[in-house]
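Comments concern the structure below.
Residue numbers (this note's numbering): 1 to 295.
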């Protein structure tokens, strides 16, 4: 009971934790290189786990393999790249705010293609959760963080990113629900497919070896390993568990709560948390309670 919901919230927490580390790494590595490097580490960790589990001969229907790999291409390879592009044009705060479109988009796509119908209480929970997150993220921040180089271009990239994320989630849900596909194998297929796209994108910018030179630093590599372990290996595994056992719209709404977990982490690092942020968290928690209550 509730294992999908618990997995989604745990993944959101791990993403929040790793985001702090990725923020530091992003000062030395380009987004594409960082995304590819963490994906490579996660693939190695998943393969090692499968070897330890002696789970190297899975029963994977061809249709499930196709949809999982396509979800990796769309959601991780293209969706994440579009998200990084949106950050460059909108700023991190506005890009995060646009991310709140993903849960309702996921629920709508799942309704159309998977016939997953959510009740009124579940929709209310999604609205409250997304609204609470948006309330926290949209809080006024110092002018240094409020840049907008090209609003129209940024919004276009952001919408494409959310469509990629939502479509990838529904494809994963379709491949995992009511099947015997192992969430760990589905995570491996998704990350591997996304990595193929990232290799193509990184190689189009010049020598891959040259772009990976900063990773020779003894300071960066351990941080990257920790972030990849928490935010990619464990979080993607938990994400796939969430998609297997929870309707796509509800799972995506719970997975989107990572900005809420960032607040206590930021407070522990000395940042001031406002009353507005606390209110937003309370609204989102009410939505989470409704979502869990409908399960």
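Backbone N, C-alpha and C define an ideal beta-carbon position, used for all residues, glycine too.
Between the CA atoms of residue j and residue i - distance to the nearest angstrom
{"i": "residue 153", "j": "residue 159", "result": "10 Å"}
{"i": "residue 271", "j": "residue 55", "result": "44 Å"}
{"i": "residue 282", "j": "residue 206", "result": "47 Å"}
{"i": "residue 13", "j": "residue 7", "result": "10 Å"}
{"i": "residue 61", "j": "residue 277", "result": "45 Å"}
{"i": "residue 252", "j": "residue 169", "result": "7 Å"}
{"i": "residue 265", "j": "residue 202", "result": "32 Å"}
{"i": "residue 87", "j": "residue 259", "result": "15 Å"}
{"i": "residue 146", "j": "residue 94", "result": "Residue confidence is low: residue 146 scores 47 on pLDDT, short of 50, so the model does not pin down where it sits. Its coordinate-derived value is still stated next. Taking the straight line joining both Cα atoms gives about 8 Å."}
{"i": "residue 49", "j": "residue 42", "result": "10 Å"}
{"i": "residue 189", "j": "residue 150", "result": "35 Å"}
{"i": "residue 227", "j": "residue 30", "result": "16 Å"}
{"i": "residue 5", "j": "residue 107", "result": "15 Å"}
{"i": "residue 122", "j": "residue 10", "result": "20 Å"}
{"i": "residue 244", "j": "residue 69", "result": "16 Å"}
{"i": "residue 211", "j": "residue 262", "result": "30 Å"}
{"i": "residue 225", "j": "residue 17", "result": "13 Å"}
{"i": "residue 241", "j": "residue 84", "result": "26 Å"}
{"i": "residue 200", "j": "residue 269", "result": "37 Å"}
{"i": "residue 216", "j": "residue 112", "result": "47 Å"}
{"i": "residue 204", "j": "residue 120", "result": "47 Å"}
{"i": "residue 53", "j": "residue 179", "result": "20 Å"}
{"i": "residue 51", "j": "residue 187", "result": "15 Å"}
Contact set for residue i: own chain, Cβ-Cβ below 7 Å, skip 5 residues either direction
{"i": "residue 105", "result": "162, 163 and 166"}
{"i": "residue 220", "result": "25, 28 and 214"}
{"i": "residue 15", "result": "231, 235 and 258"}
{"i": "residue 45", "result": "229 and 233"}
{"i": "residue 96", "result": "137 and 259"}
With 16 other Cβ atoms within 10 Å as the buried cut-off, status of residue i
{"i": "residue 66", "result": "exposed"}
{"i": "residue 209", "result": "exposed"}
{"i": "residue 71", "result": "buried"}
{"i": "residue 57", "result": "exposed"}
{"i": "residue 267", "result": "exposed"}
{"i": "residue 218", "result": "exposed"}
{"i": "residue 78", "result": "buried"}
{"i": "residue 181", "result": "buried"}
For residue i, the nearest candidate out of the options (CA to CA)
{"i": "residue 35", "options": "49, 19 and 48", "result": "19"}
{"i": "residue 80", "options": "227, 274, 244 and 198", "result": "198"}
{"i": "residue 132", "options": "285, 269, 289 and 292", "result": "285"}
{"i": "residue 89", "options": "46, 156 and 135", "result": "156"}
{"i": "residue 236", "options": "200, 194 and 30", "result": "194"}
{"i": "residue 64", "options": "183, 21, 53 and 238", "result": "183"}
{"i": "residue 22", "options": "242, 241, 222 and 216", "result": "222"}
{"i": "residue 239", "options": "59, 76, 32 and 30", "result": "76"}
{"i": "residue 246", "options": "292, 82, 269 and 59", "result": "292"}
{"i": "residue 32", "options": "82, 51, 187 and 17", "result": "82"}
{"i": "residue 273", "options": "216, 289 and 139", "result": "139"}
{"i": "residue 290", "options": "204, 179 and 118", "result": "118"}
{"i": "residue 37", "options": "196, 269 and 120", "result": "196"}
Other residues of its chain near residue i: CB distance less than 8 Å, five sequence neighbours each side excluded
{"i": "residue 144", "result": "Low per-residue confidence applies at residue 144: pLDDT is 42, beneath 50, and the placement is therefore not dependable, though the value from the model is reported in the following sentence. If we look at residue 144 and ignore the five residues flanking it on each side, it has no Cβ neighbours."}
{"i": "residue 287", "result": "124, 125, 126, 127, 128, 129, 130, 131, 132 and 253"}
{"i": "residue 256", "result": "12, 99, 100, 102, 103, 129, 130 and 133"}
{"i": "residue 74", "result": "164, 167, 168 and 171"}
{"i": "residue 114", "result": "170, 173, 174, 177 and 248"}
{"i": "residue 148", "result": "Low local confidence applies: a pLDDT of 47 at residue 148 is under 50, so the model's placement there is unreliable, and no value is given."}
{"i": "residue 191", "result": "39, 42, 43, 46, 72, 76, 232 and 236"}
Cβ neighbours of residue i in the same chain (closer than 6 Å, five flanking residues each side left out)
{"i": "residue 275", "result": "none"}
{"i": "residue 313", "result": "Residue 313 cannot be examined here, being either before or after the span of the chain that is shown, 1 to 295."}
{"i": "residue 280", "result": "132, 135 and 136"}
{"i": "residue 47", "result": "none"}
{"i": "residue 185", "result": "58"}
Contact test: residue i Cβ vs the ligand NAP heavy atom, cutoff 6 Å
{"i": "residue 117", "result": "This structure lacks the ligand NAP; in fact it carries no ligand of any kind."}
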